[in-house]
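Engineer:
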Amino acid sequence: MGRLPIDMESVPIDFVSFTAHKFHGPQGVGALACADRGLLRPLLHGGDQQHGLRAGTENLPGLAGLAIAARLRRLGFKAAVRKLAQLRDAFEKALLKHEGIRVNGDPAHRVPNTSSLRFAGVDGLAMLARLDAAGVQCSMVSACTSARPEPSPVLRAIGLSEAEAYASLRFSFAIDNTPAQAKEAARLAGANYKMLLDGEKKRKAAS
Numbered sequence: 001m002g003r004l005p006i007d008m009e010s011v012p013i014d015f016v017s018f019t020a021h022k023f024h025g026p027q028g029v030g031a032l033a034c035a036d037r038g039l040l041r042p043l044l045h046g047g048d049q050q051h052g053l054r055a056g057t058e059n060l061p062g063l064a065g066l067a068i069a070a071r072l073r074r075l076g077f078k079a080a081v082r083k084l085a086q087l088r089d090a091f092e093k094a095l096l097k098h099e100g101i102r103v104n105g106d107p108a109h110r111v112p113n114t115s116s117l118r119f120a121g122v123d124g125l126a127m128l129a130r131l132d133a134a135g136v137q138c139s140m141v142s143a144c145t146s147a148r149p150e151p152s153p154v155l156r157a158i159g160l161s162e163a164e165a166y167a168s169l170r171f172s173f174a175i176d177n178t179p180a181q182a183k184e185a186a187r188l189a190g191a192n193y194k195m196l197l198d199g200e201k202k203r204k205a206a207s
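For the sequence shown, UniProt numbering assigns the number 1 to the initial residue and increments by one for each residue that follows.
(1) Taking only three categories from DSSP, how would you classify residue 23?
(2) Just how far apart, CA to CA, sit residue 183 and residue 133?
(3) Could you give the DSSP three-state label for residue 77: helix, strand or coil?
(4) Between the segment 77 to 96 and the segment 109 to 125, do three or more beta carbon pairs fall short of 8 angstroms?
(5) Determine, using beta carbons only, whether residue 28 and residue 2 come nearer to each other than 8 angstroms.
(6) Which of helix, strand or coil does DSSP assign to residue 102?
(7) Helix, strand or coil for residue 173? Go by DSSP, reduced to three states.
(8) Do residue 197 and residue 130 count as a contact pair if the criterion is CB distance below 8 angstroms?
(9) From the DSSP output, in three-state form, read off residue 143 for me.
(10) Helix, strand or coil for residue 30? Go by DSSP, reduced to three states.
(11) Counting along the chain, where does the beta strand (DSSP E) carrying residue 117 start and finish?
(12) Along the chain, where does the alpha helix (DSSP H) containing residue 156 start, and where does it finish?
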């Protein structure tokens with residue numbers, strides 16, 4: 001939501017759920033768009049709030065913030081998508097100069113702000129830790145179910161091996177990011193990848 005156009009009248013979608021912070025609204029509030037309200041059943045009983053579907057005090061400030069953020073994103077949708085894609089593409093272009101770094105998935109059919117990259121030959125958790133220490137926010141695309149995250153089922157479904165999925169990281173850009181920030185993030189990611197790769201080569205040579 002806020003990154004790709006969604007038309008529930010032309011596409012057979014029953015429900016679309018979304019959260020406000022994905023388009024710079026307040027955290028902790030979201031909404032559900034429903035093609036047919038008759039499909040809905042109460043989640044919490046006891047009050048008439050939200051058309052009797054969910055009892056309890058409504059988060060009015062959060063809902064107002066969501067509405068304003070959605071309106072602003074709609075007004076500037078094309079410009080936002082264009083800027084996000086430019087940031088992502090510049091980031092990827094800089095990193096793809098490094099042998100061993102690849103884009104996961106279809107290079108064209110994807111959201112404009114997100115880059116899923118595979119750093120061959122290194123451990124994704126080690127890369128994640130180094131980037132976090134350097135001030136670069138990214139993730140391994142999966143929820144932690146133990147001390148070590150499980151490999152992303154999406155990456156496995158598109159054909160990546162378990163090792164390739166473990167070597168993958170997800171980077172996302174926001175409209176308030178700048179080209180300079182994207183360039184610096186790519187520089188830090190490339191430098192840390194090289195250090196990890198060199199360390200891995202030395203470890204293997206010594207063993």
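Glycine included, every Cβ here is placed at the ideal spot set by N, Cα and C. Owing to the predicted nature of the structure, the values given are computational and were not obtained by experimental measurement.
Structural biologist: On the basis of the data shown:
(1) helix
(2) If you take the alpha carbons of residue 183 and residue 133, they lie about 17 angstroms apart.
(3) helix
(4) yes
(5) No, these two residues do not count as a Cβ contact at 8 angstroms.
(6) strand
(7) Annotated three-state conformation of residue 173 is coil, per DSSP.
(8) no
(9) Residue placement at residue 143 is flagged as unreliable, the pLDDT there being 46, under the threshold of 50; the coordinate-derived value follows with that caveat. In the structure shown, residue 143 sits in coil (DSSP, three-state: anything other than H, G, I, E or B).
(10) strand
(11) That run of the beta strand (DSSP E) goes 114 to 119.
(12) 153 to 157
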